[in-house]
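The opening position of the sequence shown corresponds to residue 18 in this note's numbering, with each subsequent residue numbered one higher.
For glycine and all other residues, C-beta sits at the position ideal for the given N, C-alpha and C.
This report concerns only the one structure given below.
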Amino acid sequence: MSSGPLARLGPPLVTFVAGVGLGELAIRALDVSPLILPRPSAVLAAALAESASLLPALAATARAVLVGLALSSTLGIAAAVALAASPWIQRAFYPYAIFFQIVPIVAIAPLLVIWFGYGSRAVVAAAFVVSVFPVIANTLAGLLSVDPALRDLFRLHRASGLAALWKLRLPWALPYLLTGLRIAAGLAVIGAIVGEFVGAVPKAKVEELFDAQFRDAVPLIPGFAASFLSHPTGELGTVRCRPWHLRGRVALIGDAAHAIVPFFGQGMNAGFEDCRVLDEMLDLHGSEGWERVFSEYTAARKPNADAIADMALDNFVEMRDRVADPAFLLRKQVEHRLEEELPREYRSRYSMVMYGAHISYRAAQEIGEIQREILDELCAPLASATDLDLGKAKRLIRDKLAPHLARQRVSLDY
Ligand SMILES: Cc1cc2nc3c(=O)[nH]c(=O)nc-3n(C[C@H](O)[C@H](O)[C@H](O)COP(=O)(O)OP(=O)(O)OC[C@H]3O[C@@H](n4cnc5c(N)ncnc54)[C@H](O)[C@@H]3O)c2cc1C
């Protein structure tokens with residue numbers, strides 16, 4: 018009876034009920050303003066009224082705490098085992114583990130947001146950072162405090178280092194480790210809450226943004242804010258690799274060979290072009306074996322994949338940095354006029370990539386470079402696109418662009 022659930026839960030429950038009851042009575046009796054200290058009954062009523070938004074928030078915090086704790090237990094135990102392996106490693110790294118512990122979490126939380134972005138990853142990182150040290154310190158203390166007589170016994174029986182770790186040191190360190198985990202559990206909650214203060218995106222902000230920008234979409238997406246918040250910001254990247262094939266046995270196509278950032282809308286198309294070129298190479302070199310086919314396919318596609326990767330990144334930088342720049346807007350207007358006035362001689366790089374099916378990515382990139390020089394020269398003296406000197410434009414196109422198009426046998430008349 019003395020160790021049953023009632024015996025364990027009874028005392029804290031009685032303390033809780035008595036504490037809350039006394040608090041309620043005291044606040045009422047002293048007539049304390051709810052702004053300074055709300056009554057427990059008012060807190061409970063508000064929690065019930067707001068439970069629809071509080072429960073998912075609680076679940077998100079609990080998830081971050083559990084993931085942070087799982088990381089700190091696994092990595093903390095691994096770090097302690099590594100530190101216990103040699104006094105040299107211990108002297109080299111342990112002071113930094115201590116230093117890491119004394120840096121306040123509020124000081125490094127903004128850095129975590131910069132590294133991991135706003136959202137759950139920064140919160141998990143904060144929970145991990147504050148909870149990992151007690152796991153390391155306690156497990157290490159346990160591993161180092163093994164009874165010397167038992168250690169000698171293992172040595173006498175020629176037990177391997179791994180066997181001694183598994184059968185003696187870790188079991189010996191278990192009580193220390195559990196104490197460390199108990200401390201870490203509390204700290205992980207503190208870390209997650211500090212992380213949320215700095216790195217979480219509040220639901221209200223998401224609702225505000227959607228309300229301002231996508232009001233008509235909101236009713237069509239059930240639970241949109243919760244869904245938005247539970248999907249961390251994805252990462253975009255460029256894959257550049259070589260070779261694309263391993264002898265005649267395997268070859269890469271599509272994103273596996275050349276994933277690109279999606280700012281030219283060409284990723285899928287580039288993959289389809291791979292298929293077309295591979296098919297052509299099979300027709301041309303199929304009789305010479307797969308290795309030849311794959312080599313020819315790589316030689317034909319790699320420069321084009323690199324070109325579209327560069328252009329997609331260019332477009333990203335353009336959209337990020339330049340769309341509000343008056344000089345850039347003037348340049349776009351001039352380019353638009355050139356396309357209208359000289360449709361057979363001038364096509365923007367965007368038009369060549371999107372609509373010039375016969376123009377390769379590499380060719381569009383090279384032509385774009387020449388056009389950039391032409392536009393530099395045309396735009397330098399201009400205040401407005403209506404002042405464009407069409408005669409000068411025609412001369413520049415004839416002297417700089419046309420010879421290149423003729424050499425490359427590329428027609429802009431499409
Ligand atoms: C936000 C965004 C917008 C985009 N917009 C455009 C656009 O407007 N126009 C355009 O052309 N392209 C666009 N793209 C790019 C386009 O989606 C990709 O280039 C295209 O999907 C790549 O096709 P893929 O078959 O090469 O690779 P994937 O589509 O990535 O297919 C690979 C498949 O392999 C599976 N897989 C991975 N590992 C294994 C394994 N070990 N075993 C079995 N299966 C595995 C994956 O689950 C996946 O289904 C965009 C991409 C993004 C991210």
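- Message: When you compare the CB positions of A114 and I153, do they come within less than 7 Å of one another, or not?
- Response: Within the sequence shown, numbered from 1, the residue matching residue 114 stands at position 97. Within the sequence shown, numbered from 1, the residue matching residue 153 stands at position 136. Going by C-beta atoms, A114 is nearer than 7 Å to I153.
- Item | Within the stretch 263 to 349, ranges of the alpha helix (DSSP H) (whole runs, at least 4 residues) | 272 to 275, 284 to 302 and 307 to 338
- Message: At a cut-off of 6 Å, would you count G197 as near ligand 1, judging by its Cβ distance to the nearest heavy atom?
- Response: On the sequence shown, residue 197 is found 180 positions in, with the first residue counted as 1. Between ligand 1 and G197, a heavy atom-to-CB distance of less than 6 Å is absent.
- Task: Identify every run of the alpha helix (DSSP H) within the stretch 371 to 427, keeping only runs that are complete inside it and at least 4 residues long; order them along the chain.
- Result: Here the runs fully enclosed are 378 to 396, 407 to 413 and 419 to 425.
- Query: Taking DSSP as the reference, what is the three-state secondary structure of W183?
  - Reply: Locating residue 183 in the sequence shown gives position 166, where the first residue counts as 1. Helix.
- Jot down the residue ranges of each uninterrupted alpha helix (DSSP H) in the stretch 65 to 122, minimum 4 residues, whole runs only, in chain order. 68 to 102 and 104 to 119
- Task: Specify, as a first and last residue, the run of the alpha helix (DSSP H) that L52 falls within.
- Result: Here residue 52 is taken as the residue at index 35 of the sequence shown, counted from 1. Careful: L52 lies outside any alpha helix (DSSP H) and carries neither H nor E.
- Message: Between which residues of its own chain and E352 is the CB-CB distance below 7 Å, once the five residues before and five after are set aside?
- Response: Mapped onto the sequence shown, residue 352 falls at position 335. The answer, listed in chain order, is S365 and L392.
- Message: With three or more beta-carbon pairs closer than 8 Å as the criterion, would you say the stretch 314 to 321 touches the stretch 285 to 298?
- Response: yes
- From the DSSP output, in three-state form, read off T156 for me. Working through the sequence shown from its first residue, we reach residue 156 at position 139. In the structure shown, T156 adopts helical secondary structure according to DSSP, grouped into three states.
- Using three-state DSSP, classify I364 as helix, strand or coil. Here residue 364 is taken as the residue at index 347 of the sequence shown, counted from 1. Ile is not the amino acid found at residue 364; the sequence shown has Arg there. The answer is coil: DSSP assigns R364 none of H, G, I, E or B.
- State yes or no: is the C-beta of A143 within less than 7 Å of the C-beta of A126? Translated into the one-based positions of the sequence shown, residue 143 becomes position 126. Translated into the one-based positions of the sequence shown, residue 126 becomes position 109. Yes. Within cutoff.
- Is M298 near ligand 1, judged by its Cβ being under 6 Å from some heavy atom? Position 281 of the sequence shown, counted from the first residue, corresponds to residue 298. No.
- Message: Applying the 10 Å Cβ sphere with the 16-neighbour rule, what's the burial state of F289?
- Response: Mapped onto the sequence shown, residue 289 falls at position 272. F289 should be labelled exposed.
- Task: Confirm, please, whether the CB-CB distance from A243 to P73 is below 7 Å.
- Result: In the sequence shown, counting from the first residue as 1, residue 73 sits at position 56. In the sequence shown, counting from the first residue as 1, residue 243 sits at position 226. Cβ distance < 7 Å, so P73 and A243 count as in contact.
- Message: Alpha carbons only, please: which of V147, P260, A268 and F231 is nearest the one belonging to G5?
- Response: Residue 5 lies beyond the stretch modelled for the chain, which goes from 18 to 431, so this question has no answer here.
- Query: My guess is that G93 and G208 are in contact by the Cβ rule of under 8 Å, so how many angstroms apart are they, rounded?
  - Reply: Here residue 93 corresponds to residue number 76 of the sequence shown, with the count starting at 1. Here residue 208 corresponds to residue number 191 of the sequence shown, with the count starting at 1. About 13 Å; that fails the 8 Å criterion.
- Query: Within the structure, which residues are defined as neighbours of ligand 1 by a Cβ-heavy atom distance below 5 Å, reported in chain order?
  - Reply: G271, D272, P279, G282, G284, M285, N286 and G288
- Does the Cβ of Q382 have 16 or more other Cβ atoms within 10 Å, making it buried, or fewer, making it exposed? The residue you call residue 382 lines up with position 365 of the sequence shown. Buried is the call here.
- Task: Answer yes or no: do F145 and L194 have a C-beta to C-beta separation smaller than 7 Å?
- Result: By one-based count along the sequence shown, residue 145 stands at place 128. By one-based count along the sequence shown, residue 194 stands at place 177. Contact: no.
- Secondary structure of F133, DSSP reduced to three states: On the sequence shown, residue 133 is found 116 positions in, with the first residue counted as 1. Residue state, collapsed to three classes: helix.
- Query: If you draw a straight line from the alpha carbon of H375 to that of Q425, how long is it in whole angstroms?
  - Reply: If you number the sequence shown from 1, residue 375 lands on position 358. If you number the sequence shown from 1, residue 425 lands on position 408. For H375 and Q425, the distance between alpha carbons rounds to 12 Å.
- Message: Between the alpha carbons of A202 and I119, how many angstroms are there, rounded?
- Response: For this step, residue 202 is matched to residue 185 along the sequence shown. For this step, residue 119 is matched to residue 102 along the sequence shown. Going from the Cα of A202 to the Cα of I119 covers about 18 Å.
- Task: Answer yes or no: do L355 and Y367 have a C-beta to C-beta separation smaller than 7 Å?
- Result: In the sequence shown, counting from the first residue as 1, residue 355 sits at position 338. In the sequence shown, counting from the first residue as 1, residue 367 sits at position 350. It is not a contact, given that the beta carbons lie outside the stated cut-off.
- Query: Would you report the Cα separation of A190 and A101, rounded to the nearest angstrom?
  - Reply: The sequence position of residue 190 within the sequence shown is 173, counting from 1. The sequence position of residue 101 within the sequence shown is 84, counting from 1. C-alpha separation (whole angstroms): 11 Å.
- Query: So L160 packs on A81, CB below 8 Å; how close in whole Å?
  - Reply: Against the sequence shown, residue 160 aligns to sequence position 143. Against the sequence shown, residue 81 aligns to sequence position 64. In fact, because the Cβ distance is near 29 Å, the residues do not count as touching under 8 Å.
- Query: Looking at the unbroken alpha helix (DSSP H) that takes in S244, where does it start and where does it end?
  - Reply: Position 227 of the sequence shown, counting from 1, holds the residue named residue 244. F241 to L246 is the extent of the alpha helix (DSSP H) around S244.
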